[in-house]
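The numbering used here numbers the first residue of the sequence shown as 248 and each following residue consecutively. Here a beta-carbon is modelled for each residue, glycine too, at the ideal position from N, C-alpha and C. Treat the numbers as computed from the prediction; the structure is a model and nothing was measured. Structure first, then comments.
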Amino acid sequence: MSIVNYEVRDNIAIITLNSPPVNGLGHPLRTAIVDSLDNAAADDSVKAVVIASAQKIFCGGADISEFSNPKLAMAEPHLPGVIAKMETFDKPIVAAINGMALGGGLELTLGAHYRIAEPKAKVGLPEVNLGILPGGGGTQRVPRLAGVELALQMMTSGAPIPVAKAHKAGLIDRISEGNLIDDAVEYAAELADNGAELRNCHSIEVDTSNLPENFFIEFRQSIARKSRGFYAPERIVQCVEAALELPLADGLKREQQLFSECLATPQARAQQHLFFAERAATKVPGVDPKTPTRDVKKVAIIGSGTMGGGIAMNFMNAGIPVVMLDLNGEALGKGIAVIRKNYEISAKKGRLTAEKVEHLMSLLSGTTSYDDLGDVDLVIEAVFEKMAVKHAVFKELDRVCKTGCILASNTSTLNIDEIAAVTSRPQDVLGLHFFSPANVMRLLEIVRCEKTADDALVTCIKLAQAIRKVPVIVGVCFGFVGNRMLEPYSREGMRLLLEGATPTQIDKALYGFGFAMGLCAMGDMAGLDVGYFVRESRREFIEHDKSYCALGDKLAELGRYGQKTARGLYLYEGREQKEDPEVIELATQIAADLDIERREISDQEIVERMVFMMINEGALILEEGKANRSSDCDLIYGNGYGFPWWRGGPMQYADEIGLESVLNAINKYRSELGEYGEMWFKPAPVLEQLVASGKKFRQYKISV
Ligand code: T1G
248 MSIVNYEVRD
258 NIAIITLNSP
268 PVNGLGHPLR
278 TAIVDSLDNA
288 AADDSVKAVV
298 IASAQKIFCG
308 GADISEFSNP
318 KLAMAEPHLP
328 GVIAKMETFD
338 KPIVAAINGM
348 ALGGGLELTL
358 GAHYRIAEPK
368 AKVGLPEVNL
378 GILPGGGGTQ
388 RVPRLAGVEL
398 ALQMMTSGAP
408 IPVAKAHKAG
418 LIDRISEGNL
428 IDDAVEYAAE
438 LADNGAELRN
448 CHSIEVDTSN
458 LPENFFIEFR
468 QSIARKSRGF
478 YAPERIVQCV
488 EAALELPLAD
498 GLKREQQLFS
508 ECLATPQARA
518 QQHLFFAERA
528 ATKVPGVDPK
538 TPTRDVKKVA
548 IIGSGTMGGG
558 IAMNFMNAGI
568 PVVMLDLNGE
578 ALGKGIAVIR
588 KNYEISAKKG
598 RLTAEKVEHL
608 MSLLSGTTSY
618 DDLGDVDLVI
628 EAVFEKMAVK
638 HAVFKELDRV
648 CKTGCILASN
658 TSTLNIDEIA
668 AVTSRPQDVL
678 GLHFFSPANV
688 MRLLEIVRCE
698 KTADDALVTC
708 IKLAQAIRKV
718 PVIVGVCFGF
728 VGNRMLEPYS
738 REGMRLLLEG
748 ATPTQIDKAL
758 YGFGFAMGLC
768 AMGDMAGLDV
778 GYFVRESRRE
788 FIEHDKSYCA
798 LGDKLAELGR
808 YGQKTARGLY
818 LYEGREQKED
828 PEVIELATQI
838 AADLDIERRE
848 ISDQEIVERM
858 VFMMINEGAL
868 ILEEGKANRS
878 SDCDLIYGNG
888 YGFPWWRGGP
898 MQYADEIGLE
908 SVLNAINKYR
918 SELGEYGEMW
928 FKPAPVLEQL
938 VASGKKFRQY
948 KISV
């Protein structure tokens, strides 16, 4: 099967891209397009050309997998060359857009003289999500065709826009209400017969008449917070500034220069790593992704609290009916009311209509009786984090749920194999660990238990994608992957407070590294009582280290839980956060009691001890097979813990700086920190093995 089909119909050459899955504009496809254009040029019977797609989308852009081989990515005919050939073609070219035209896919259409699209299609320039910028002329042509503001919004957000908006802005010339290809052929013939102008952007200048005087200063300010630490957004703005100042040919050169700069950054590697990580995460070694899935037409949520309500909204938003169970009728009523209130707030912000709110609420029912759960296909329990409570719930579910119903726990700390063991159907039991707020956070850890059936697992993977989550499969261990890697990170942070660092210093060092929020602020937000409660169940694990979270325990015992009590690791006056001398005094006192010498701590030590021990835990997790690949750990940290996205996750960051530097630092602290170092700074064997073999985490394959 050719990756480009070429046919001539009524003197119109139709070039149909057919390179599954997304017509990625790799070297082979670019070459085939040029060959087809040459055929059309040489055929005197051809009076115009249509470029279309046989795939479900027009084109997903450049072939990202080529980026690791820049020679191939820029091999002739490179994309700018193909587009230049189109815009100087001496017969009208019409691009027929179906589904989506993204990145280089949209840029390819801008080389055509005219564009027609189906009504539901979308166009976008998502390159910024890959740490780069539109390198096929998008930064120069879109401002000329659609204006500076829309161009910058599309390129710095990376979000696609509906063709109706693109049509209104001048990016698209026609919307096809019938058969797209037929309409495109008709349009092309009309253009040829009417001698229509062979439009291209060389003759168009950017319209700045409505541009406010300080537009670029204000635009940079408007994206400053979101683009903190990222390299590409600023270069995108510089490209658009060039579009205002330079003729197209020179602007394209400037774009190429800045594109190459972005492509060479570790950030681009990191963000492309996460792009492929999200797709790899759904592939489970030893499990056929084509395993037939179970039907999930109705979902039950056990527990009407914050988590239960948030989880329920995910399914309601996807149009899946939900029955919420709470044995306490009053709590159930409150839980349902909170869900309605959340939707009404969205309606007030114009994100939902009143009718949509009613429709969504019509998908939700409530009950106080397990006997009403006989027809559900999936149950997710979100009840109190006590094993006895979970056991009681799963025994009831085992009693009332139909055969094949998947029984999931949202627990974040308990052993789900032990939960499965109280049922007669362990093959139907797994974990679905949502992150709060459950209706907002995209990360979903799917906990595969010892006996979880493959079809139950694959069903939940596909269901997770259907409710717009990022599913990552993890194994049963304390904290699974996310919270387990967070444990040494938190332990080191709390220990550093005893050794002389302050909450402000720790949080500033981590913010400077790129975290959205530092450990201390995060602890105060989540509640120091939560951590205290979790540690209660693990006292035996930490009894050998009296300093383990000693300050956190002390603050919790004093009722200083953080934001909710206006005092925790910081003092809070309204939303304002302040250092609290009392906390420093408490830390000093505990250090004295434990013979911990206080000293000046560098930011580098803070970041290395916290982040490298998180990485070390990730290595142990890989060794135990609790994650299928290192990029799964990265996906969890990028989506659930505010790890800087432009660093690609903890394991990618380690690969980027070199595993040897991580190992050397761990060994350094092991020797420098005396008994404490000996106790906690044990390098993971996998880390030592990879350093010895000169390999990276991304090359580590778990044994199936
Ligand atoms: N290159 C290579 N592979 C790609 C790809 C791409 N552009 N897009 C998708 N794939 C693979 C993906 O890895 C997966 O592979 C399969 O296709 C299905 O993808 C010069 C330089 C298009 C909206 O950033 O957003 O153009 O796992 O599961 O849910 O200016 O893919 O099956 O082996 O995501 O239907 C800019 C990225 C590139 C778009 C389809 N374009 N892709 O979503 O399928 S840079 C993008 C997507 C560029 C130019 C610059 C989505 C999609 P596998 P999928 P989907």
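- Per DSSP, residue 932 lies in no beta strand (DSSP E); the unbroken alpha helix (DSSP H) holding it starts and ends at 932-940.
- In the three-state reduction of the DSSP assignment, residue 753 falls in the helix class.
- Rounded to whole angstroms, the gap between the alpha carbons of residue 889 and residue 263 is 42 Å.
- A contact is defined here as three or more CB-CB pairs under 8 Å, and the region 346-356 fails this definition with respect to the region 530-538.
- In this chain, the beta strand (DSSP E) harbouring residue 254 covers 251-256.
- Between the ligand T1G and the CB of residue 876, the shortest heavy atom gap is not smaller than 8 Å.
- Under the Cβ criterion (8 Å, minimum of three pairs), the region 739-756 does not count as touching the region 702-712.
- When distances are taken from the beta-carbon of residue 717 to the heavy atoms of the ligand T1G, even the shortest one reaches 8 Å or more.
- Rounded to the nearest whole angstrom, the C-alpha separation of residue 725 and residue 525 is 23 Å.
- For secondary structure counted as the beta strand (DSSP E) over 3 or more consecutive residues, the region 852-884 holds no complete run.
- Secondary structure of residue 613 (DSSP, three-state): strand.
- With respect to residue 714, residue 911 sits apart: the two C-beta atoms are not nearer than 9 Å.
- DSSP links residue 721 through a beta bridge to 694, 874.
- Our two residues, residue 554 and residue 628, have alpha carbons roughly 10 Å apart in a direct line.
- Judged by beta-carbon spacing, residue 719 lies within the 9 Å limit of residue 728, meaning their Cβ atoms are closer than that value.
- Listed in chain order, the non-local C-beta contacts of residue 467 below 8 Å within the same chain comprise 481, 484, local neighbours out to five positions each way being set aside.
- In the structure shown, residue 371 adopts extended strand secondary structure according to DSSP, grouped into three states.
- Under the DSSP definition of a beta bridge, residue 820 partners with 823.
- Note that the region 492-505 touches the region 371-389; at least 3 beta-carbon pairs, one per stretch, sit closer than 8 Å.
- Boundaries of the alpha helix (DSSP H) harbouring residue 587: 576-595, taken from the DSSP string.
- Remark: the C-beta of residue 333 is outside contact range of the ligand T1G, defined as less than 8 Å to any heavy atom.
- The alpha-carbon separation between residue 892 and residue 430 amounts to approximately 43 Å.
- Proximity to residue 272 across 329, 293, 285 peaks at 329, based on C-alpha coordinates.
- Around residue 376, the same chain offers 405 as residues with beta carbons nearer than 6 Å, after the five sequence neighbours per side are excluded.
- For residue 648, the three-state secondary structure derived from DSSP is coil.
- Remark: fewer than three beta-carbon pairs, one from each stretch, lie closer than 8 Å, so the region 544-553 and the region 595-604 are not flagged as touching.
- No residue range can be given for residue 672, since it is assigned to no beta strand (DSSP E) and is classified by DSSP as neither H nor E.
- Rounded to the nearest angstrom, the gap between the Cα atoms of residue 876 and residue 528 is 8 Å.
- Proximity to residue 740 across 854, 948, 266, 634 peaks at 854, based on C-alpha coordinates.
- Membership of residue 482 in the alpha helix (DSSP H) is indicated by the continuous run 479-492.
- The three-state reading of DSSP puts residue 306 in strand, counting E and B together.
- Between the C-alpha atoms of residue 906 and residue 680 there is a straight-line separation of about 30 Å.
- Below 8 Å, enough C-beta pairs join the region 894-906 and the region 931-945 to call them touching: three or more.
- Look at the beta carbons and you see the region 807-820 not touching the region 729-736: under three pairs across the two are nearer than 8 Å.
- The beta carbon of residue 622 sits closer than 8 Å to the beta carbons of 545, 649 from its chain, once the five residues preceding and following it are set aside; these are given in chain order.
- Residues 350, 380, 381 of the same chain have their beta carbon placed closer than 6 Å to that of residue 374, with the five preceding and five following residues left out of the count.
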